[in-house]
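Trainee: One structure, pasted below without further comment.
Numbering (the numbering used here), first residue to last: -17 to 195.
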């Protein structure tokens, strides 16, 4: 892999960029933050669309200049590129499959529902419809987090094998649109996992930058 420049993470505070930056930190891979602010209605400038035609955060530019998108795909790519960081189980196929399963679950079943809740005008027109979709989307988000809570078998990680990219995704996405009081009451394992991520020597400073400053 060419190393012409550090990784560049296109994102914003508290966005999905957090999980990408934490993975890079755990891999001890230098990176630069490229602030990509959302405009009105959650839209980006044309300059960002040149990097990521889908217009969604985050995007990652590799040292060789390749641009990667989709959070789960970026995390898997980083785990493969930096195997010494052990961001995915290597020697246990069952554990690896489980980590990938829940990584994809969060990306495909929870992340899209958060877009609906954050930007209901993209999906319905009237105020009455928006109130309904806000309520129903939050209910679905919460039910799906309960599935993740039940799947956590490590202490404190998702898997007994230790930290994986799935944990970084769970910690980040669990901060959005679910309600702090509800999360603390119903998802103690997710809260313990998140606290453990925040306490990491390498990932911890990234977490604090995004969620505690």
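Backbone N, C-alpha and C define an ideal beta-carbon position, used for all residues, glycine too.
Model, not experiment: these values are computed from the prediction.
Runs of 3 residues minimum, wholly inside the stretch 119 to 175: which ones carry the beta strand (DSSP E) assignment?
Mentor: none
Trainee: Can you grab the Cα-Cα spacing for the pair residue -8 / residue 93, in whole Å?
Mentor: Start at 1 with the first residue of the chain shown, and residue -8 comes out as number 10. Start at 1 with the first residue of the chain shown, and residue 93 comes out as number 111. About 18 Å.
Trainee: Is residue 42 helix, strand or coil by DSSP?
Mentor: Within the chain shown, numbered from 1, the residue matching residue 42 stands at position 60. Strand at residue 42.
Trainee: Suppose you measure from the CA of residue 32 to the CA of residue -10; what does that come to, to the nearest Å?
Mentor: One-based indexing of the chain shown puts residue 32 at position 50. One-based indexing of the chain shown puts residue -10 at position 8. If you take the alpha carbons of residue 32 and residue -10, they lie about 14 Å apart.
Trainee: Please list, in chain order, all residues of the same chain as residue 23 whose beta carbon is under 6 Å from its beta carbon, the five residues on each side excluded.
Mentor: Here residue 23 is taken as the residue at index 41 of the chain shown, counted from 1. For residue 23, the predicted model reports a pLDDT of 48, less than 50, meaning its position is unreliable and no value from the coordinates is stated.
Trainee: Can you list, in chain order, the residues of its chain with a C-beta nearer than 6 Å to that of residue 188? Leave out the 5 residues immediately preceding and following it.
Mentor: Here residue 188 refers to the residue found at position 206 when the chain shown is read from its first residue. Excluding residues within five positions, the ones whose Cβ falls inside 6 Å are 3, 4, 7.
Trainee: Between residue 144 and residue 63, what straight-line distance do the alpha-carbon atoms span, to the nearest angstrom?
Mentor: Counted from its first residue, the chain shown places residue 144 at position 162. Counted from its first residue, the chain shown places residue 63 at position 81. Cα to Cα, the separation comes out at about 19 Å.
Trainee: Quick one: what's got a C-beta closer than 8 Å to residue 135's C-beta in the same chain, skipping five residues either side?
Mentor: Counting from one through the chain shown, the residue named residue 135 turns up at place 153. The beta carbon of residue 135 lies closer than 8 Å to those of 141, 142 in the same chain, with the five residues before and after it left out.
Trainee: Under three-state DSSP, which class holds residue 48?
Mentor: In the chain shown, the residue the question calls residue 48 occupies position 66. In the structure shown, residue 48 sits in coil (DSSP, three-state: anything other than H, G, I, E or B).
Trainee: Using beta-carbon positions only, say whether residue 158 and residue 96 come within less than 9 Å of one another.
Mentor: Residue mapping note: residue 158 aligns to position 176 of the chain shown, counting from 1. Residue mapping note: residue 96 aligns to position 114 of the chain shown, counting from 1. Against a cut-off of 9 Å, the Cβ pair of residue 96 and residue 158 comes out as a contact.
Trainee: DSSP state of residue 26, grouped into three classes?
Mentor: Indexing the chain shown from 1 puts residue 26 at position 44. Caution applies to residue 26, whose pLDDT of 49 falls short of 50 and renders its modelled position unreliable; the value that the coordinates give is listed next. Coil, per DSSP.
Trainee: Considering Cα atoms alone, identify which of 139, 166, 168 is closest to residue 182.
Mentor: Position 200 of the chain shown, counted from the first residue, corresponds to residue 182. It is 139.
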